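Visitor:
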Amino acid sequence: MRTFVHGAAVWDVARPRRRSRVAGVTMAGFRVRDLDALRMVPHPAVTLLLEFGTGAPVVDYAGGRQQRGSVVAGPGIGSGGAVWARGENVECVQVRLSPVIARAVLGVSPADLDGAVVALDDLWGREASRIRERLGEASSWQDRFALTDALLARRYEAGPPVDPEVAWAWDRIVGDRGLVRVDGLAGEVGWSRKRLWSRFRSQLGLPPKRAVKLVRFDHAAHRLVAGEGAARVAADGGYTDQSHLHRDVVAFTGVTPANVAGEPFLAVDDIAWAIAP
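Take 1 as the starting number for the sequence shown in full-length UniProt numbering and just add one per residue.
1) What does the alpha-carbon distance come out to for the pair residue 57 and residue 109?
2) So, are the CB atoms of residue 297 and residue 113 less than 8 Å apart?
3) Ignoring anything shorter than 3 residues, give me the beta strand (DSSP E) runs that lie fully in the stretch 18 to 72, in order along the chain.
4) Within the chosen definition, does the stretch 214 to 227 reach the stretch 168 to 184 through at least 3 CB pairs nearer than 8 Å?
5) Is the distance from the Cβ of residue 51 to the Cβ of residue 91 below 8 Å?
6) With a threshold of 7 Å (Cβ to nearest heavy atom), would residue 172 be considered close to the ligand FMN?
7) Is residue 20 near residue 143, with beta carbons less than 8 Å apart?
8) Residue 142 bridges to which residues according to DSSP?
9) In or out: residue 133 buried (at least 16 other Cβ within 10 Å) or exposed?
10) Closest by CA to residue 59, which one among 33, 25, 171, 77?
11) Mapping the DSSP letters down to three states, classify residue 157 as helix, strand or coil.
12) By how many angstroms is the C-alpha of residue 194 removed from the C-alpha of residue 17?
13) With distance defined between alpha-carbon atoms, name the residue in 188, 65, 33, 151 nearest to residue 48.
14) By DSSP's criteria, residue 88 is part of a beta bridge. Which residues make up the other side?
15) For residue 123 and residue 97, I'd like the C-alpha separation in whole angstroms.
16) From residue 127 to residue 72, what distance separates their C-alpha atoms?
17) Unbroken alpha helix (DSSP H) runs of length 4 or more, entirely within the stretch 164 to 250: which are they?
18) How long is the line joining the alpha carbons of residue 223 and residue 242, rounded to whole angstroms?
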């Protein structure tokens with residue numbers, strides 16, 4: 001376990017020693033004594049938060065709504081800086097699910113989440129309570145990661161896959177870092193544009209154009225956090241100019257490119273989302 005310090009944020013962070021048996025799953029463990037208003041930055045994955053500590057995280061989102069405890073949210077949740085997490089004595093395993101596997105793991109399509117933060121109890125019922133208990137009883141973070149991975153693998157194997165054409169289109173967008181021309185994707189899979197757009201949206205939870213913008217933003221945001229200049233990031237990242245990058249960053253985060261490096265949600269990635277040595 002490592003300690004992440006960024007401004008006022010001080011978190012203990014654990015990461016698994018082995019990759020998940022399910023392609024498209026990454027996870028990290030967090031222990032935070034005082035989680036003070038953390039802005040959740042949109043990410044091109046479905047977020048699954050499994051809490052088990054003495055305190056429960058609270059997620060505040062649009063319209064004054066909130067969820068407490070274990071939650072799930074679709075890809076791109078938090079646009080405009082509208083979703084915040086907080087809490088005391090928070091302990092959790094956070095899982096990032098590729099939208100391609102999320103329907104099988106969750107039991108519902110990311111589209112059915114309808115852009116909201118959903119209580120895991122509402123999706124999994126008693127299974128959500130059981131995994132919380134087992135995570136709390138586990139003696140180490142590596143045991144918790146193994147328990148989580150076994151659960152995800154079992155659910156994935158029993159769940160329905162997305163169409164191969166949809167999976168291919170998603171992988172193409174991610175592989176090209178959001179620089180792919182979306183109008184050409186349908187022709188490359190041999191489908192009509194209408195069919196691909198409909199299946200992509202219903203199975204992954206967002207339309208292809210939105211997916212392209214989200215993946216492109218994610219790469220740009222992490223380069224900004226790493227200290228690269230906005231002009232260079234815009235030029236390399238497929239933006240028409242620096243103003244275009246500025247508009248996208250503000251639309252996704254609620255802050256400007258100059259301020260995005262101060263977001264702990266992004267800055268922790270180098271510590272959390274990698275396999276431990």
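Yeah, the Cβ is synthetic: ideal placement off N, Cα and C, and Gly gets one too. Source: prediction; values computed, not measured.
Guide: Looking at the coordinates:
1) Here residue 57 refers to the residue found at position 57 of the sequence shown. Here residue 109 refers to the residue found at position 109 of the sequence shown. So the two alpha carbons sit approximately 24 Å from each other.
2) Lying before the first or after the last residue shown, residue 297 is absent from the chain, which here runs from 1 to 277.
3) 25 to 39, 46 to 51, 58 to 61, 65 to 68
4) yes
5) Residue 51 sits at position 51 when you count from the first residue of the sequence shown. Residue 91 sits at position 91 when you count from the first residue of the sequence shown. The answer is yes: Cβ separation under 8 Å.
6) For the ligand FMN, the structure offers nothing, since it holds no ligand at all.
7) Indexing the sequence shown from 1 puts residue 20 at position 20. Indexing the sequence shown from 1 puts residue 143 at position 143. Going by C-beta atoms, residue 20 is not nearer than 8 Å to residue 143.
8) Residue 142 sits at position 142 when you count from the first residue of the sequence shown. The partner list for residue 142 (beta bridge, DSSP) is empty, contrary to what the question assumes.
9) Working through the sequence shown from its first residue, we reach residue 133 at position 133. Exposed, by the Cβ-count rule.
10) Within the sequence shown, the letter at position 59 stands for residue 59. Comparing Cα-Cα distances from residue 59 to each of 33, 25, 171, 77, the minimum goes to 77.
11) On the sequence shown, position 157 is the one that residue 157 refers to. Looking at residue 157 - three-state DSSP - the assignment turns out to be helix.
12) As a working mapping, residue 17 is identified with position 17 in the sequence shown. As a working mapping, residue 194 is identified with position 194 in the sequence shown. For residue 17 and residue 194, the distance between alpha carbons rounds to 43 Å.
13) For the purposes of this step, residue 48 is identified with residue 48 of the sequence shown, where counting begins at 1. Minimum Cα distance to residue 48 is reached at 151.
14) Within the sequence shown, residue 88 is the residue found at index 88, counting from 1. For residue 88, which the question treats as bridged, DSSP gives the partners 34.
15) Within the sequence shown, numbered from 1, the residue matching residue 123 stands at position 123. Within the sequence shown, numbered from 1, the residue matching residue 97 stands at position 97. The alpha-carbon atoms of residue 123 and residue 97 are separated by roughly 16 Å.
16) Numbered from its first residue, the sequence shown carries residue 127 at position 127. Numbered from its first residue, the sequence shown carries residue 72 at position 72. Each residue's Cα considered, the two are about 14 Å apart.
17) 164 to 175, 185 to 189, 193 to 204, 208 to 225, 230 to 236
18) Position 223 of the sequence shown holds residue 223. Position 242 of the sequence shown holds residue 242. If I take the Cα positions, the gap works out to 14 Å.
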